[in-house]
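Heads up, the thing below is written out as C-alpha cells.
Numbering (the numbering used here), first residue to last: 807 to 1230.
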C-alpha cells in the first residue's frame, strides 16, 4: 500500500505518454496525407500546363512518357473514350488516391483533352521517410519529457511514500514516534512532509501516553480491588457455612458469593486486557476439561436449592494451545450468566473440537436483547439486582483479542446458547 501513490503516478504518466504519442502520430499522419495530396495535385497541374504549352507551340508534338508518368492527348472532335485504362470516362480534374496507386488528372479544353497518369510511389516513400523520422523524433522528445517529469514527481512523492510506509508498520498499541524524528526523515522531504511528520509524531506520542495511562489505571485499580474483594468473599464463605443462618440470610449470602465470583472474573479479565501484548506469550497446551471442570465446580454451589442440572458433555473436545486463564475467564462468565438466569431445567457445557457451547433452559432473551447483550452494563432483566452487566462485554473483548468469535443465540422462555469458536 505504501507504494500505491508512486504506482498511480507512474500509471498516469504512462497513460499520458501513450495518449500524447497516439495524438502525435495521428497528427503527423494527417499532415503527411494532406501534404501528399497537395504536392501530387500541384505536380499534376504543372505537368498539364506544360503539356498545353508544348501543344500550343507544336500541335504535333509527341506526348512525354517515362517510367513514372504518361501523358495522352485527344484533339477536339476525337473519341476520348479510346484513352487507355478508362481515362476517358473520368470527369475533369485531379484524382489522387489517399495513399499509393495512380494519380490521374483529366483536363478538357476547346483544343481537346489532356489526360495524365502519375506514379506517386517515389513521393510516397519520401513523405513516409520524412514523416517517420519526424514521428520518431517527436515520440522520443515526448517520452523523454514524460520520463523526466515522472522522475521529478517521484522524488517529490518519495518522502510521502516513506512516511506512509513508516506509519503503516506502527504497532497500534505502541506507536514508534521516534521513527518520525527530523533526523530520520528523507533528505528531500519538503516543508509539508516535515509538518505532517511532526503532527503524526505528536499524535503517536499522545496515543502512547493515553494507552499507558489506561493500562496503569486498569492494573492499579484491579490490584486495589483485590484486597477488599478477598475480604468480602471470605466473609461470605464463612456466613454460608453457618447452619443456623435463616433462609433469607442464606439467599443474601448466595447473592454475595455470586457477585464476588463475577467481580473476581472481571478484575482478572481487566488485568489480562491491561497487559494484552503478553497474552500470546502465555499460551500453553491443555485439555479443555482442565479449564471447564473447575469452573463448573466453582459455580455448582450457586445452584443449591434450584431444580437445575449442570453437566459437561464431551463431543470430541481435545487439547488446545491457548492462554489457560483467558479461556477460564470466558467460560466462567458464560456459565455465571447461565446460572443466574436459569431457575429450572438444565445447563450444559459442550466441548467440541472447534468450539465450546454453554446451553441453558433459562429465561432466554429477545432478538433485540441479543443484539445489545455484549454492550457494557446492559441488562435486559433489571429486576435481578445481582450482576454488573459487563460480563459478556469482557467475554467479547477477550474473544476478539484471541481471535475467538463469541456468538449468542436465544429465544425468550426457551433458553440461551453461547458459543466460543476457536482459531485452529
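A virtual CB, placed ideally from N, CA and C, is assigned to each residue, including glycine.
Segment limits, alpha helix (DSSP H) that includes residue i
| i | result |
| --- | --- |
| residue 1001 | 997-1046 |
| residue 947 | 927-974 |
| residue 902 | Note, residue 902: premise wrong, no alpha helix (DSSP H); not H, not E. |
| residue 1213 | Premise fails: residue 1213 lies in the beta strand (DSSP E), 1212-1217, not in any alpha helix (DSSP H). |
| residue 1174 | 1173-1178 |
Option nearest residue i by Cα separation, candidates the options
| i | options | result |
| --- | --- | --- |
| residue 1166 | 1149, 826, 900 | 1149 |
| residue 1169 | 903, 1219, 868, 1125 | 1219 |
| residue 862 | 850, 879, 976 | 879 |
| residue 982 | 933, 876, 967, 1009 | 1009 |
| residue 1099 | 1205, 918, 1164 | 1164 |
| residue 1124 | 1094, 962, 916, 1102 | 1094 |
| residue 921 | 858, 937, 964 | 858 |
| residue 1221 | 1162, 960, 1145 | 1145 |
| residue 991 | 968, 975, 977, 845 | 968 |
| residue 944 | 1143, 1171, 827 | 827 |
| residue 822 | 895, 949, 855 | 949 |
| residue 1004 | 1016, 988, 832 | 988 |
| residue 818 | 1171, 1046, 910, 960 | 960 |
| residue 911 | 1116, 849, 884 | 849 |
| residue 1143 | 1067, 1078, 1206, 851 | 1067 |
| residue 986 | 929, 1055, 1002 | 1002 |
| residue 1073 | 1110, 1109, 1031 | 1031 |
| residue 928 | 908, 1026, 1053 | 908 |
| residue 890 | 868, 923, 897 | 923 |
| residue 996 | 1013, 1023, 966, 970 | 966 |
| residue 1026 | 1078, 977, 1052 | 1078 |
| residue 1176 | 1147, 1206, 1216 | 1216 |
| residue 786 | 1039, 1057, 1090, 1089 | Beyond the ends of the chain as shown, which are 807 and 1230, falls residue 786; an answer cannot be given. |
Cβ neighbours of residue i in the same chain (closer than 6 Å, five flanking residues each side left out)
| i | result |
| --- | --- |
| residue 1087 | Note on residue 1087: pLDDT 47, under 50, position unreliable in the model; the coordinate value appears next. Nothing listed; no residue qualifies. |
| residue 1092 | 1130 |
| residue 1120 | 1157 |
| residue 1062 | 1042 |
| residue 933 | 838, 842 |
| residue 901 | 910 |
| residue 1188 | With a pLDDT of 46 at residue 1188, under the threshold of 50, the predicted position of this residue should be treated as unreliable, though the coordinate-derived value follows. Closer than 6 Å at the Cβ level, and outside the excluded window around residue 1188, lies no residue. |
| residue 1059 | 1042, 1045, 1046 |
Which residues DSSP lists as bridging residue i, in chain order
| i | result |
| --- | --- |
| residue 1128 | 1090 |
| residue 1162 | 1157, 1226 |
| residue 879 | 920 |
| residue 911 | 900, 922 |
| residue 1116 | 1153 |
| residue 871 | 876 |
| residue 1221 | 1217 |
Own chain partners of residue i with C-beta closer than 7 Å, once the 5 adjacent residues on each side are dropped
| i | result |
| --- | --- |
| residue 814 | none |
| residue 882 | 916, 917, 918 |
| residue 1179 | 1171, 1198, 1214 |
| residue 807 | Any reading at residue 807 needs caution, since the residue's pLDDT is 46, under 50, leaving its predicted position unreliable; the model's value is listed next. Excluding positions up to five away in sequence, the list reads 974. |
| residue 884 | 918 |
Spatial neighbours of residue i in its chain, beta-carbon cut-off 8 Å, leaving aside the 5 residues before and after
| i | result |
| --- | --- |
| residue 1181 | 1199 |
| residue 1229 | 1208, 1209, 1210 |
| residue 1000 | 988, 991 |
| residue 897 | 912 |
Whole-Å CB distance - residue i paired with residue j, under 8 Å assumed
| i | j | result |
| --- | --- | --- |
| residue 913 | residue 874 | Actually they do not touch by this definition, with Cβ atoms about 19 Å apart. |
| residue 1151 | residue 1114 | 6 Å |
| residue 1127 | residue 1227 | The pair is not a contact, with the Cβ atoms about 15 Å apart (cut-off 8 Å). |
| residue 834 | residue 940 | 6 Å |
| residue 1133 | residue 1105 | Actually they do not touch by this definition, with Cβ atoms about 16 Å apart. |
| residue 1136 | residue 1035 | About 20 Å; that fails the 8 Å criterion. |
| residue 1154 | residue 1110 | Residue 1154 to residue 1110, Cβ: 19 Å. No contact. |
| residue 1233 | residue 1014 | Lying before the first or after the last residue shown, residue 1233 is absent from the chain, which here runs from 807 to 1230. |
Residue i, enclosing beta strand (DSSP E) - first and last residue
| i | result |
| --- | --- |
| residue 984 | No beta strand (DSSP E) holds residue 984; DSSP gives it neither H nor E. |
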